[in-house]
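In the working numbering, the protein residues as written are 1416 to 1483.
C-beta: ideal position from N, C-alpha, C; glycine also.
Please read the structure below before turning to the comments.
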């Protein structure tokens, strides 16, 4: 099921689409088709892993990332 990243629990997901500041998300390594692993989602900001990097993103930004 396609949902925003902010609604997901820890696990690995594939990015299907992105809204908002597409350029900024790409600079962080988040691209359509990439894998994102949520490490911690119970706090804001969320802690995610993209490739070999750990990134903290706010849940407001995570709303723009659609995953499956």
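Taking residue 1463 as the centre and dropping the five residues before and after it, the same chain places the C-beta of 1451, 1453 and 1470 closer than 6 Å to its C-beta, in chain order. Non-local C-beta neighbours of residue 1465 in its own chain, meaning closer than 7 Å and more than five positions away in sequence, comprise 1443, 1444, 1445, 1449 and 1451, ordered along the chain. In the three-state reduction of the DSSP assignment, residue 1483 falls in the coil class, being assigned neither a helical nor a strand state. Residue 1421 sits buried, since 16 or more C-beta atoms from the chains shown fall within 10 Å of its C-beta.
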